[in-house]
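Each residue of the sequence shown is one higher than the last, beginning at 39 in this note's numbering.
To keep things clear, I will list the structure first and then write my remarks on it.
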Amino acid sequence: MSKAKTKPFDPAEYLDDSASIAAYMNDALESGDPAFVADALGVVARARGMSEVARKAGLSRESLYRALSTDGNPEFATILRVVRALGLQLSATPVKQRKSA
Numbered sequence: 039m040s041k042a043k044t045k046p047f048d049p050a051e052y053l054d055d056s057a058s059i060a061a062y063m064n065d066a067l068e069s070g071d072p073a074f075v076a077d078a079l080g081v082v083a084r085a086r087g088m089s090e091v092a093r094k095a096g097l098s099r100e101s102l103y104r105a106l107s108t109d110g111n112p113e114f115a116t117i118l119r120v121v122r123a124l125g126l127q128l129s130a131t132p133v134k135q136r137k138s139a
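Printed below as a string of structure tokens:
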């Protein structure tokens, strides 16, 4: 009996166009989880090429990895620079309020 070979799932492999990247980031932002947002930015940066994103954001590659790591706590300015380097922009939409009975 042979064992099936598997590899860890890497969402970066599926983020190959602007629409899928935007959808992935929107899901992360809607979660409200800062760690998930930072991780999602890291996944997208890997999909786009970490070195290129770091260069466009004005960061070293190591700084970008550190900022977007699970232990990272990037400044908001860094987040904005990375978002812009990824060719994205943040926007705000009103939260739908439930009508009280």
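The beta-carbon is built from N, C-alpha and C at its ideal position, and this holds for glycine as well.
Predicted model only: the values in this text are computed from it and were never measured.
Can you tell me which of the options puts its alpha carbon nearest to the alpha carbon of residue i?
i	options	result
ALA92	GLU51, ASP109 and ARG119	ARG119
ALA115	THR108, LEU128 and ASP109	LEU128
ARG99	GLY87, ASP109 and THR108	GLY87
PRO132	VAL75, TYR103 and GLU68	GLU68
THR108	ASN64, ALA73 and GLU90	ALA73
Could you check whether residue j and residue i sit closer than 8 Å to each other, using their CB atoms as the reference points?
i	j	result
LYS66	ALA78	The question names Lys, but residue 66 in the sequence shown is Ala. Yes. Within cutoff.
LEU53	ALA83	no
Just how far apart, CA to CA, sit residue i and residue j?
i	j	result
SER56	GLY125	8 Å
GLU51	LYS134	33 Å
ASP71	ASN111	13 Å
LEU102	PRO46	23 Å
TYR62	ARG104	21 Å
VAL81	VAL75	10 Å
LEU97	ILE59	21 Å
ILE117	SER40	46 Å
PRO49	LYS137	37 Å
Can you tell me whether residue i sits near the ligand SAM, meaning its C-beta is under 7 Å from at least one heavy atom of the ligand?
i	result
MET88	As presented, the structure is devoid of all ligands, the ligand SAM included, so that no description of it is given.
By a C-beta neighbour count over all protein chains shown, 10 Å radius and 16 as the cutoff for buried, is residue i buried or exposed?
i	result
ALA85	buried
ALA42	exposed
ALA123	buried
Please report whether the beta-carbon of residue i lies at a distance below 8 Å from any beta-carbon of chain D.
i	result
LYS94	Looking for chain D here will not work: only one protein chain is present.
**Request:** With a floor of 4 residues, list each alpha helix (DSSP H) that falls wholly inside the segment 51-95, ordered by position along the chain.
**Result:** List check, alpha helix (DSSP H) in window: 56-69, 72-86 and 88-95.
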